[in-house]
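Engineer: Position one of the sequence shown corresponds to residue 1 (UniProt numbering), numbered consecutively onward. Sharing a structure, written as structure tokens. Questions coming.
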Amino acid sequence: MSSVDTQLEELKAEIKAELPADISVTDVTYEGPELVIYTRDPKRFARNGDLIRDLAGKLRKRITVRPDPVALSPPERARDRVIDVLPEEAGVTDLDFHEDTGEVVIQADKPGMVIGRNGATLREITREVGWTPQVVRTPPIESSTVSNVRNFLRQEREDRRQILERVGRQIHREELANEQWVRITMLGSCREVGRSSFILSTAETRILVDCGEKLGSGESPYMQIPEALGAGANSFDAIVLTHAHLDHSALVPLLYKHGYDGPIYTTEPTRDLMGLLQLDHLDVETKAGRTPPYDPEMVREAIKHTIPIEYGDVTDIAPDVKLTLHNAGHVLGSAIAHFHIGDGLYNVAFSGDIHYGETRLFDGAVNDFPRVETLVLESTYGGRNDYQTDQEDSERKLIEAINETHDRGGTVLVPTAAVGRAQELMLVLEEAMRAGKIPRMPVHLDGMIWEATAVHTTYPEYLRSDLNDRIFGEEDNPFLAGAFNHVDGGDEERRDVADGDPAIVLSPSGMVTGGPILSWLRHVGPDPDSRLVFVDYQAQGTLGRRLQNGLTEVPIDDGVGRSETVQLEADVDTFDGFSGHADRQGLENFVKTMNPRPEKILCVDGDERAVQDLSSGLYHDYHLRTFTPKNLETFRFR
């Protein structure tokens with residue numbers, strides 16, 4: 001018998017000893033980081049809401065209780081009874097019974113009413129029918145991405161269950177190493193912006209944190225070195241993804257192409273956005289005449305292997321590593337990844353991309369942790385002069401620019417990332433029109449922006465609470481304002497918009513590296529009455545950066561045989577207060593108020609000037625040990 005089997009037998013015996021004699025335990029197994037208890041008496045479990053919480057506290061495990069199949073009411077009978085139990089105001093839109101796990105997934109407009117006070121309604125459902133209820137929110141804007149992901153996982157649930165059981169056994173295996181140490185190897189984003197990727201290693205475990213591409217260059221992380229894929233893709237125990245932007249996630253599916261078969265840990269919205277952005281990335285690469293690095297099947301493999309984690313949940317991901325994700329304030333589902341290694345041996349936090357102050361979409365990044373010895377800190381705006389105007393000032397300037405352009409009959413064209421900045425701008429524009437600060441006019445949303453917005457409304461709990469309330473108000477969802485128009489007619493529709501009445505256009509990509517923004521530049525760029533407005537960071541070498549710096553002869557290649565040079569006559573403005581990144585002051589404030597203050601800081605994900613300036617400033621002002629790593633360097637901490 002393996003050590004894991006022995007461990008499960010001991011846990012089963014301990015659980016039986018803790019439970020009342022009239023509650024049976026038919027099986028105990030691991031599924032990913034969770035301990036799953038099967039019982040023929042789910043109704044008795046449900047009568048005592050404290051049983052599971054007390055067990056979890058005693059065993060120090062995340063616990064899920066599932067009914068043994070013999071305890072389940074037939075789905076057709078259970079469906080009617082569940083509907084009877086739930087209040088009509090909950091707005092139930094679907095019930096899906098999973099007989100292999102004994103779960104009933106309830107989709108509803110108001111999940112809180114399905115859950116009930118302290119879970120009372122969920123327990124009542126189990127008491128009535130035996131099934132274990134899971135609750136998901138009905139998106140107020142239908143999202144094909146969310147629907148496709150949920151349907152795919154439903155179809156693959158048997159494979160997924162096998163994956164989770166395998167992962168669970170790997171997490172809870174016996175530790176084999178005789179020594180203890182912690183290392184970080186830099187695979188990308190050091191003294192550069194993009195291709196974020198790091199290996200966190202212990203004597204027992206190897207974890208890949210992010211695996212992105214350098215936008216506009218096609219450069220990938222240094223995965224060929226022995227510490228990375230040179231050791232075999234399956235040498236990794238886990239992947240942790242901080243957020244879905246392609247400079248952090250683009251090449252994650254490539255690992256499955258090379259034989260990786262392990263888990264990805266991230267938040268649920270990041271999982272969905274990851275698939276959306278990666279599939280779009282493949283489409284853009286194909287249209288540009290380049291060979292995509294992987295096929296869509298690998299994207300589906302990545303989704304199938306993803307284990308979602310909520311903010312604040314401490315989760316075992318290896319025998320010697322616990323992971324906790326915290327809000328990073330950058331984009332939907334973005335996270336600071338905190339690793340607790342060993343039995344108090346060492347703690348490392350990877351910031352990913354952070355925004356420390358509040359925005360219209362998100363609360364600011366969390367910087368309160370039990371322990372952190374080393375912080376790996378993004379430095380995109382770490383330069384000594386990288387002080388952005390605040391968002392209120394940028395909003396005022398944007399409104400002035402819109403009014404001026406409207407009065408002369410032009411179009412305001414805003415290149416923007418589909419995820420994050422686009423939704424922030426939608427909120428600004430909706431409020432400005434509602435308050436009469438700008439005239440009512442169409443706001444055209446191109447590319448993935450509408451779909452990404454639909455994903456945002458699926459996960460309002462990751463947004464600011466006041467925005468959450470508005471999204472589910474009767475008539476106040478700001479993303480459903482009448483001004484917003486989803487562009488889906490292609491180049492001809494874009495030309496008609498550019499030739500028509502004054503309008504605002506939001507279009508990917510934010511750095512003008514591809515996508516529909518190139519078509520918009522062809523139609524809007526030559527118009528001196530129009531205006532090109534940058535609100536996103538423009539990386540060195542991108543067309544967006546060159547346009548910011550005064551380029552007027554714009555090369556346009558749409559990837560289907562049409563190449564031309566467009567003379568840019570439109571005005572060009574930059575309003576940087578909308579950035580999803582903390583500026584120099586925000587980065588300093590994040591570190592200054594961090595609890596506890598880290599012993600060491602590795603400044604990454606910024607150009608050489610930015611990381612050197614931030615590192616020097618943190619050293620001199622806060623007396624911290626700071627480093628500016630180079631790609632391929634390895635740091636040992638214990």
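Note that the Cβ used here is the ideal one computed from N, Cα and C, for glycine as well.
(1) Taking the alpha carbon of Y387 as the reference point, which residue from G275, D613, L518 has its own alpha carbon closest?
(2) Have a look at T626, I438, E608 and flag the residue whose alpha-carbon is nearest the alpha-carbon of S616.
(3) M9: buried (16+ other C-beta within 10 angstroms of its C-beta) or exposed?
(4) So what does P67 bridge to, in DSSP terms?
(5) Please classify G329: does DSSP put it in a helix, a strand, or coil?
(6) Under 8 Å by Cβ, that's how I've got H444 and V505 pegged, so tell me the actual separation to the nearest angstrom.
(7) Just confirm the distance between the C-beta atoms of A108 and V135, as a whole number of angstroms; I'd bet it's less than 8 Å.
(8) Quick one: which unbroken alpha helix (DSSP H) runs of 4-plus residues sit fully inside the stretch 529-603? Chain order, please.
(9) Go through the stretch 234-296 residue by residue and report every complete run of the beta strand (DSSP E) that reaches 3 residues or more, in order.
(10) Mind checking which residues open and close the beta strand (DSSP E) that includes H486?
(11) Taking its Cβ as the centre, do 16 or more other Cβ atoms sit within 10 Å of E599, making it buried, or is it exposed?
(12) State yes or no: is the C-beta of I402 within less than 8 Å of the C-beta of I438?
(13) Taking the straight line between their C-alpha atoms, what separation do you get for V428 and E395?
(14) Is it the case that the Cβ atoms of L276 and H456 are separated by a distance below 8 Å?
(15) If you draw a straight line from the alpha carbon of N234 to that of N549, how long is it in whole angstroms?
(16) Would you list, in sequence order, the uninterrupted alpha helix (DSSP H) runs of no fewer than 4 residues that lie entirely inside the stretch 85-139?
(17) Would you tell me roughly how many angstroms separate the C-alpha atoms of N631 and E89, rounded to the nearest one?
(18) Anyone know if the C-beta pair for L375 and I601 falls short of 8 Å?
(19) Considering just the uninterrupted stretch of the beta strand (DSSP E) at R625, what are its terminal residues?
(20) Can you name, in chain order, every residue of its own chain whose Cβ lies under 7 Å from the Cβ of K58, other than the five neighbours on each side?
(21) By the DSSP assignment, the alpha helix (DSSP H) with G357 in it spans what residues?
(22) Mind reading off the beta-carbon distance from K43 to D159? Whole number of angstroms is fine, and I expect it under 8 Å.
(23) What does the alpha-carbon distance come out to for the pair T416 and E492?
(24) With C-beta atoms as the reference, is S196 less than 8 Å away from D605?
(25) Can you check whether the CB of P139 is closer than 8 Å to the CB of T458?
(26) Compute the Euclidean distance between the alpha carbons of R166 and E268, then round it to the nearest angstrom.
(27) Taking DSSP's pairing of strands, which residues face N347 in a bridge?
(28) Do the stretch 561-577 and the stretch 220-235 touch if we need at least three Cβ pairs shorter than 8 Å?
(29) Going along the chain, which unbroken runs of the beta strand (DSSP E) with 3 or more residues stay wholly within the stretch 354-422?
(30) Would H243 and A328 be called neighbours here (beta carbons separated by less than 8 Å)?
(31) Less than 8 Å between the beta carbons of D313 and T324, yes or no?
(32) Across which residues does DSSP place M186 in a beta bridge pair?
(33) Would you identify the three-state DSSP class for T458, choosing helix, strand or coil?
(34) How many Å lie between D523 and L551 at the Cα?
(35) Look at G102 and W131 and say whether their C-beta atoms are less than 8 Å apart.
(36) Just the C-alpha distance for E297 and N151, rounded to the nearest angstrom, thanks.
Structural biologist: Well, looking at it:
(1) Counting from 1 along the sequence shown, the entry for residue 387 is found at position 387. Here the closest residue by C-alpha is D613.
(2) If you number the sequence shown from 1, residue 616 lands on position 616. Ranking T626, I438, E608 by Cα distance to S616 puts T626 first.
(3) As a first step, residue 9 is located in the sequence shown; it is residue number 9 there, counting from the start. For the sequence presented, residue 9 should be read as Glu rather than Met. Counting the other CB atoms within 10 Å of its CB gives E9 a total below 16, which places it among the exposed residues.
(4) Reading the sequence shown from its first residue, position 67 is the one you call residue 67. DSSP lists T39 as partners of P67.
(5) What you label residue 329 is simply residue 329 of the sequence shown in a count that begins at 1. In the displayed model, G329 falls within coil according to three-state DSSP, outside both helix and strand.
(6) Numbered from its first residue, the sequence shown carries residue 444 at position 444. Numbered from its first residue, the sequence shown carries residue 505 at position 505. Indeed they touch by this definition, with Cβ atoms about 5 Å apart.
(7) Along the sequence shown, one-based indexing puts residue 108 at 108. Along the sequence shown, one-based indexing puts residue 135 at 135. For A108 against V135, the beta-carbon gap comes to about 7 Å, under 8 Å, which counts as contact.
(8) The stretch 529-603 contains these whole alpha helix (DSSP H) runs: 543-548, 584-592.
(9) With a minimum length of 3 residues, the continuous beta strand (DSSP E) runs that stay inside the stretch 234-296 are 238-240, 264-266.
(10) The residue labelled residue 486 in the question sits at position 486 within the sequence shown. Element bounds for H486: 484-486.
(11) Mapped onto the sequence shown, residue 599 falls at position 599. Exposed.
(12) For the purposes of this step, residue 402 is taken as the residue at position 402 of the sequence shown. For the purposes of this step, residue 438 is taken as the residue at position 438 of the sequence shown. Against a cut-off of 8 Å, the Cβ pair of I438 and I402 comes out as a contact.
(13) Indexing the sequence shown from 1 puts residue 428 at position 428. Indexing the sequence shown from 1 puts residue 395 at position 395. Cα to Cα, V428 sits roughly 7 Å from E395.
(14) Position 276 of the sequence shown, counted from the start, is the residue given in the question as residue 276. Position 456 of the sequence shown, counted from the start, is the residue given in the question as residue 456. No. Outside cutoff.
(15) For the purposes of this step, residue 234 is taken as the residue at position 234 of the sequence shown. For the purposes of this step, residue 549 is taken as the residue at position 549 of the sequence shown. Straight-line Cα distance between these residues: approximately 44 Å.
(16) Counting only runs of 4+ residues, the alpha helix (DSSP H) found wholly inside the stretch 85-139 occupies 111-115, 120-129, in chain order.
(17) Within the sequence shown, residue 631 is the residue found at index 631, counting from 1. Within the sequence shown, residue 89 is the residue found at index 89, counting from 1. About 55 Å.
(18) Locating residue 375 in the sequence shown gives position 375, counting from the first residue. Locating residue 601 in the sequence shown gives position 601, counting from the first residue. Yes.
(19) As a first step, residue 625 must be located in the sequence shown, where it is residue number 625. Taken as a continuous stretch (DSSP letters only), the beta strand (DSSP E) holding R625 covers 625-627.
(20) Locating residue 58 in the sequence shown gives position 58, counting from the first residue. Within the same chain, K58 has close Cβ partners E18.
(21) Here residue 357 refers to the residue found at position 357 of the sequence shown. Element bounds for G357: n/a, residue is neither H nor E.
(22) What you label residue 43 is simply residue 43 of the sequence shown in a count that begins at 1. What you label residue 159 is simply residue 159 of the sequence shown in a count that begins at 1. Rounded to whole angstroms, the Cβ separation of K43 and D159 is 30 Å, and the two are not in contact under 8 Å.
(23) Within the sequence shown, the letter at position 416 stands for residue 416. Within the sequence shown, the letter at position 492 stands for residue 492. CA-CA distance, T416 to E492, rounds to 21 Å.
(24) As a working note, residue 196 is residue 196 in the sequence shown. As a working note, residue 605 is residue 605 in the sequence shown. Cβ atoms of S196 and D605: closer than 8 Å.
(25) Position 458 of the sequence shown, counting from 1, holds the residue named residue 458. Position 139 of the sequence shown, counting from 1, holds the residue named residue 139. Yes; because the gap between Cβ atoms is below 8 Å, this pair is in contact.
(26) Sequence index remark: in the sequence shown, residue 166 carries index 166 (1-based). Sequence index remark: in the sequence shown, residue 268 carries index 268 (1-based). Roughly 21 Å separates the two Cα atoms.
(27) Mapped onto the sequence shown, residue 347 falls at position 347. In the DSSP output, where bridge partners are listed per residue, N347 has H340.
(28) In this structure the stretch 561-577 does not lie against the stretch 220-235, because fewer than three pairs of beta carbons, one per stretch, are closer than 8 Å.
(29) Counting only runs of 3 or more residues that sit fully inside the stretch 354-422, the beta strand (DSSP E) segments are 374-378, 411-415, in chain order.
(30) Your numbering for residue 243 matches position 243 in the sequence shown. Your numbering for residue 328 matches position 328 in the sequence shown. Cβ distance < 8 Å, so H243 and A328 count as in contact.
(31) For the purposes of this step, residue 313 is taken as residue 313 along the sequence shown, with counting starting at 1. For the purposes of this step, residue 324 is taken as residue 324 along the sequence shown, with counting starting at 1. Judged by their CB atoms, D313 and T324 are nearer to each other than the 8 Å cut-off.
(32) In the sequence shown, counting from the first residue as 1, residue 186 sits at position 186. For M186, which the question treats as bridged, DSSP gives the partners F198.
(33) Counting from one through the sequence shown, the residue named residue 458 turns up at place 458. Residue state, collapsed to three classes: helix.
(34) The residue you call residue 523 lines up with position 523 of the sequence shown. The residue you call residue 551 lines up with position 551 of the sequence shown. It should be pointed out that residue 523 corresponds to His in this sequence rather than to Asp. The C-alpha of L551 is placed about 17 Å away from the C-alpha of H523.
(35) The sequence position of residue 102 within the sequence shown is 102, counting from 1. The sequence position of residue 131 within the sequence shown is 131, counting from 1. Cβ distance < 8 Å, so G102 and W131 count as in contact.
(36) Here the question's residue 297 lines up with position 297 in the sequence shown. Here the question's residue 151 lines up with position 151 in the sequence shown. A direct Cα-to-Cα measurement between E297 and N151 gives close to 15 Å.
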